[in-house]
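Notes follow once the structure below has been shown.
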Amino acid sequence: MIKTKLLIVEDESIVALDIKNALVKLGHEVIACVTNADDAIACIKKNRPDIIIMDIHLNHSKDGIETAEEIQKIANIPIIYLTAYADDDTISRAVKTNPIGYLIKPFKREELKSTILLGLHKKTMTENAIADMRLTFLGFNYSYDLNGEQLFYNNIPIKLSINENLLLKILIEAKGKVISFTELEYFIWPNSPISRSTLRTLIYRTRAKLEYKIIETIPFVGCKLTPVS
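Per the working numbering, residue -11 is the first one in the sequence shown, and the count goes up by one each step.
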């Protein structure tokens, strides 16, 4: 049986060790315990976990929510938050990162167990939905359904025009290769010559509906999707 791999991001060493021991006894694998955003990102690039257990109130330059936002720019990994107090402002910020669960400190081992099980269930359901839709992860919590030709942000549909959709689909199917401006003009407007400014406007409008870094433009050449690390 393959063990679930978890990463713990917690700057209180005693709490982190207690969580690690509990997870190991529940049959899971803890790939690391780290205390800050930089170490968390380095860890997931080296050995990507199935779930991240994240303390919201990290005493570093980035708190747990900011750390989650940084992680979601490069990987779509489910997150369970830990918090000592759940004020409305904190929860409102946390919700925007679409976590799969919360644990309020101090919590019991059974609460940890049930939250992990629920998180694994949500993860499986999401992965099945992704497989059904041919969902492509673009980074920064954006994804695109090639079958339904639909852009999503945090699983929320983002409306695109016909040409915006076509532009994004062309770039996704190019898999990181540069598509020249001339090729884009031909693919999008095959029967009607257009000015270069029309294409520039389309690219600008499409980038405005995404994180701007996702589509990279190469001056006088073309554009491409920035590969997800």
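All residues carry an ideal CB built from backbone N, CA and C; glycine is no exception.
Computed from a prediction, not measured in an experiment: that's the story for all the values here.
task: Please determine if the region 133 to 140 and the region 82 to 96 are in contact, where contact requires at least 3 C-beta pairs separated by less than 8 Å.
output: no
Quick test of your reading: Met42 and Val(-3), contact by CB under 8 Å. State the CB separation rounded to the nearest angstrom. As a first step, residue 42 must be located in the sequence shown, where it is residue number 54. As a first step, residue -3 must be located in the sequence shown, where it is residue number 9. 5 Å between Cβ atoms; contact.
field: Residue from Ala162, Leu172, Lys163, Val166 whose Cα sits closest to the Cα of Glu152
entry: The residue given as residue 152 occupies position 164 in the sequence shown. Ranking the options by Cα distance to Glu152, first place goes to Leu172.
task: Please determine, among Ala82, Ser180, Thr112, Cys211, the residue with the shortest C-alpha to C-alpha distance to Arg195.
output: For the purposes of this step, residue 195 is taken as residue 207 along the sequence shown, with counting starting at 1. Answer by Cα proximity: Cys211.
Q. For Asp38, does the count of other Cβ atoms within 10 angstroms reach 16, so buried, or fall short, so exposed?
A. The residue labelled residue 38 in the question sits at position 50 within the sequence shown. With 16 or more Cβ atoms within 10 Å of its Cβ, Asp38 is classed as buried.
> So is Gly15 buried or exposed if we call it buried at 16+ other beta carbons inside 10 Å?
Replying inline: Along the sequence shown, read from residue 1 onward, the residue named residue 15 stands at position 27. So Gly15 ends up on the exposed side.
Inset, instruction - Sort Glu98, Ile158, Gly107, Thr78 by Cα distance to Trp177 and report the nearest one. - result: By one-based count along the sequence shown, residue 177 stands at place 189. Cα-wise, what sits closest to Trp177 is Ile158.
List, from N- to C-terminal side, the beta strand (DSSP E) runs of 3 residues or more that fit wholly inside the region 93 to 138. 123 to 127, 130 to 133
*Residues bridged to Ala20 by DSSP?*
Here residue 20 refers to the residue found at position 32 when the sequence shown is read from its first residue. DSSP, once it has assigned bridges, lists Leu(-5) as partnering Ala20.
Rounded C-alpha distance that separates Ile40 from Leu126: Taking the first residue of the sequence shown as 1, we reach residue 40 at position 52. Taking the first residue of the sequence shown as 1, we reach residue 126 at position 138. C-alpha separation (whole angstroms): 20 Å.
In the region 18 to 91, which residue ranges form an unbroken beta strand (DSSP E) of at least 3 residues, counting only runs that do not cross its ends?
-> 39 to 43, 67 to 71
Alpha carbon to alpha carbon, how far is Ala4 from Arg122?
Taking the sequence shown and counting its residues from 1, the one referred to as residue 4 is at position 16. Taking the sequence shown and counting its residues from 1, the one referred to as residue 122 is at position 134. Their Cα atoms are separated by approximately 37 Å.
At which residues does the beta strand (DSSP E) containing Ile146 begin and terminate?
Taking the first residue of the sequence shown as position 1, residue 146 is located at position 158. Where Ile146 is concerned, the enclosing beta strand (DSSP E) stretches over 144 to 146.
* Please confirm whether Lys110 and Ile144 have their CB atoms less than 8 Å apart. => By 1-based counting over the sequence shown, the position of residue 110 is 122. By 1-based counting over the sequence shown, the position of residue 144 is 156. Contact flag unset, no.
Taking 8 Å as the cut-off, decide whether the C-beta atoms of Thr189 and Ile202 are in contact. One-based indexing of the sequence shown puts residue 189 at position 201. One-based indexing of the sequence shown puts residue 202 at position 214. No, the Cβ-Cβ distance between Thr189 and Ile202 is not below 8 Å.
For the beta strand (DSSP E) that contains Lys212, what are its first and last residues?
The count along the sequence shown starts at 1 and reaches residue 212 at position 224. Segment 210 to 213, the beta strand (DSSP E) holding Lys212.
| Between Val22 and Arg36, what straight-line distance do the alpha-carbon atoms span, to the nearest angstrom? | Indexing the sequence shown from 1 puts residue 22 at position 34. Indexing the sequence shown from 1 puts residue 36 at position 48. Approximately 14 Å between the Cα atoms of the pair.
What is the residue span of the beta strand (DSSP E) that Glu204 lies within? Numbered from its first residue, the sequence shown carries residue 204 at position 216. Taken as a continuous stretch (DSSP letters only), the beta strand (DSSP E) holding Glu204 covers 203 to 206.
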